[in-house]
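In the working numbering, the protein residues as written are 2 to 958.
Don't be surprised by glycine CBs; every beta carbon is placed ideally from N, CA and C.
Please read these numbers as outputs of a predicted model, since none were measured by experiment.
One structure is given here, and the rest of the page talks about it.
Set out below in structure tokens:
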């Protein structure tokens, strides 16, 4: 202690004494421990790192071996799936379980199997006859198809959950597709055993690459029937490689002996695009540096990859860093010959070891810090009684009033310490009160989004509150830029505005207010309201500016949102008003079109009841009544067709037909209307066109609609031309063309001519009637037949031409009886039904007029007719005497027609349980017809019924 006493005696400065004692005690207590600890920690860390490197390298070798084993096991199980499935199907063919003469059953079998394996993309079979059937998955959707149609076009159809194909193909491929010319077929045919094909990608989905397992199929007699190909998606191997633990630090990839990649652990597929075409990627071309560099190294080491016959372990450098490389050949019994390559950086292996070294250094540093802390605490503990008062005096001298002097003494030093403590307490109370006021002010500014600032005009430096920093998007710990630089946070226009306002305030000594924008460092724009006030010195000169900034962004955003909502509401209201106008116009037109035919019907009926006319006038009246009644029927049918179209319920009843028949039937239907207006109809019909696969009645409706419009819009004495021919350059397209010399179509309306409810003139003064539905129905029906319709016109009064293109189907050759003319029914007369004579018929209808009409017509044809006005009355009459035929309405009160026939079907056959029944109803949709037939009726006819059609149906029953 004598050394310390000498130092203390020679130095009277307390601060110097404190520093001297601290330095001496630190040297004596801390330095020896630090030196010893540093030597021990350094030696231990070096030995640990040296042994750790050897252990890590051994573990890395084991990890790569484990990864290669997992990859081989995964490949074995993954690649076995398609061959196992092919073996199963080959065994089924050998046992006679596959009907090669029924391709549809094969399609369904492939479709069912593809749903069971999510790693397969396609199962296809090419027969020895050139037929191809397949089931596949595309984007999660299952399809089936083939080249079974006469043109041998490859078509794939999406299916429902039961395997039923959709009517329209989802994919149309190559015409005259012959699987026997495909490489996979030749490979399977040439080898008696299962084989793999080359890796390829689909033309329709080039980003999906697959490999096909092919196998020849033989029937029970051992005869070759074709080749089965099952496509395996290789993308799943990519996903598996990405799950390997070793991928976290390295790369794994599989390539062929040619060097082309099969799969990698990277997220990118092993494909590239060259001039718009997808090609396979060579390993040396990979975007992954590890893969491309290792492939180049292997290519230099082994010019021919066929030289690698056993697993090899190598290493190479990538960007001066050592990489470990394992190559494992992979082969299977079906011809695969791949190389599995594992690349692992040495740095990744030693990462854990580096962490250990860092931990060792950290522990040493912690121990060093602990030693230093212990020495410092010891020194402070030894000299603390002397330094406490010195520290308190220093703190008071530096303005730190939070520190008190914890000395419990009664002498002068204790009195002085107590005085220091009282003074520090008073200063602390004043400081706390000031802090509270500052906190309240800052909170008020935050709530009001109000920041305040002060500018020193001499230094151009600015000070501001925390809220000002927040408004400008700056950190409170940073400095506000000086006055010229703060203008960079504003658009040029606003910065100029601020400069002018400040200049006026300095010159006039008056405050200013400015609305402007600021641009935060992150690019966000804020809208603010700034105020400024000059401050003067004793001589009246402006020395400072101070002011406030209020953030108005939220208020302006709210105002803009309100205006935007108002605009949206106005737009929605305008759209609703437009929709209401269209609805009102359509209802007005509908009312007009329905009421107009009623006027001549009611008028002639009243005249016929009150006056007597000659036979010619009566015939004219009846013709007018019938024509207008049929017009109303057609209007209702158009509305129903549009309803079916909108609900997707319109169903075709297709068969093989010649187009000449429905075209001629449509012409005959409008012939009388054309003759009344002296309109000549010229026809040029090629009898050899066809056949097509379509609905004859719907096609007649299409042509009739076009002809009706032509007659309607062609003036008296005009001409209509109807042509049927094959399209030049494409003999597989049949063309129906209807041209007229009528009103024509304005160019601005031509794009909307096929839209529903659209008319060139929908005003009350329009010249031509109609609902604007006919051409919309025409377009939909033509598209349902796989065709297209177009309209052409040079303008008003220039006539118009409508062209229909339909595909010709070559399903089979038609005999003379295969095509039933559409107009056949209209040629029949009641006298042609002698089979109705003496047949007992019960007519049931709650409408007395309708019931009386049907009963009268059937009685005129020779039948014995009874009538009933309710289902209950009909049951009573059947209980008395069972009729031969029941003709019943469906919509009746208390008990409808479906319930009536259901009760009758419960009777024994001798009491009418097997009674033949026809439903005659105004419920005319296909759904209604299906419901009626399911209820027990034998036939469904819609009102208004063709009486000849009714008698024909009764005669056939």
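- Inter-residue distance for residue 868 and residue 637 is about 28 Å (C-alpha atoms, whole angstroms).
- Per DSSP, residue 464 is one residue of the beta strand (DSSP E) stretching across 463-465.
- Per the C-alpha coordinates, the member of 700, 265, 88, 113 positioned closest to residue 293 is 265.
- As a beta-bridge residue in DSSP terms, residue 802 pairs with 740, 793.
- The three-state reading of DSSP puts residue 241 in helix, counting H, G and I together.
- When the beta-carbon positions are compared, residue 531 and residue 510 stay at least 8 Å from each other.
- Remark: C-beta atoms of residue 154 and residue 178 approach each other more closely than 8 Å.
- Judged by beta-carbon spacing, residue 809 lies within the 8 Å limit of residue 734, meaning their Cβ atoms are closer than that value.
- Where residue 254 is concerned, the enclosing beta strand (DSSP E) starts and stops at 252-257.
- Residue pairing by DSSP places residue 887 opposite 843, 918 in a beta bridge.
- Taking 4 residues as the shortest admissible run, the region 686-756 contains the following complete alpha helix (DSSP H) segments, listed from N- to C-terminal end: 697-714.
- Per DSSP, residue 479 lies in no alpha helix (DSSP H) and is assigned neither H nor E.
- Excluding its 5 nearest sequence neighbours in each direction, residue 756 has C-beta neighbours in its own chain below 7 Å: 777, listed in chain order.
- Under the DSSP assignment, residue 158 falls in the beta strand (DSSP E) whose first and last residues are 156-159.
- Take residue 622, set aside five residues on each side of it, and the residues of its chain with a beta-carbon closer than 8 Å to its own are 605, 608, 609, 614, in chain order.
- In the displayed model, residue 138 falls within a strand according to three-state DSSP.
- Ranked by how close their Cα comes to the Cα of residue 505, the residues 538, 488, 543 have 543 in first place.
- The C-beta distance from residue 704 to residue 754 rounds to 17 Å, too long to meet the 8 Å contact threshold.
- The residues 217, in chain order, have a CB closer than 7 Å to that of residue 193 in the same chain once the five nearest residues on each side in sequence are set aside.
- Distance from the CA atom of residue 241 to the CA atom of residue 175, rounded to whole angstroms, is 35 Å.
- In this structure the region 126-135 does not lie against the region 158-172, because fewer than three pairs of beta carbons, one per stretch, are closer than 8 Å.
- Only residues of its own chain outside the window of five on either side were considered, and among them 843, 845, 869, 887, 889, 901 have a CB closer than 8 Å to the CB of residue 875, listed in chain order.
- Taking a cut-off of 8 Å for Cβ pairs, the region 682-699 and the region 652-668 touch, as three or more such pairs fall below it.
- The Cβ atoms of residue 701 and residue 675 lie no closer than 8 Å to each other.
- Under the three-state reduction of DSSP, residue 557 is assigned to helix.
- For the pair residue 181 and residue 127, the CB atoms are nearer than the 8 Å cut-off.
- Between residue 143 and residue 112, the beta carbon gap of about 6 Å places them in contact (Cβ cut-off 8 Å).
- Ranking 458, 481, 460, 459 by CA distance to the CA of residue 466 puts 481 first.
- In this structure, DSSP gives residue 200 a state outside helix and strand, which the three-state scheme calls coil.
- In terms of CA proximity to residue 736, 783 leads the group 699, 696, 783.
- For residue 484, the uninterrupted alpha helix (DSSP H) run begins and ends at 484-487, by DSSP.
- Considering only 313, 209, 840, 360, the residue with the shortest C-alpha distance to residue 341 is 313.
- DSSP places residue 944 outside both helix and strand once states are collapsed to three, so it counts as coil.
- Under the DSSP definition of a beta bridge, residue 128 partners with 227.
- Between the alpha carbons of residue 150 and residue 787 lies a distance of about 15 Å.
- If you ignore the 5 residues before and after residue 279, its C-beta comes within less than 8 Å of the C-beta of 202, 207, 208, 272, 273, all in its own chain and listed in chain order.
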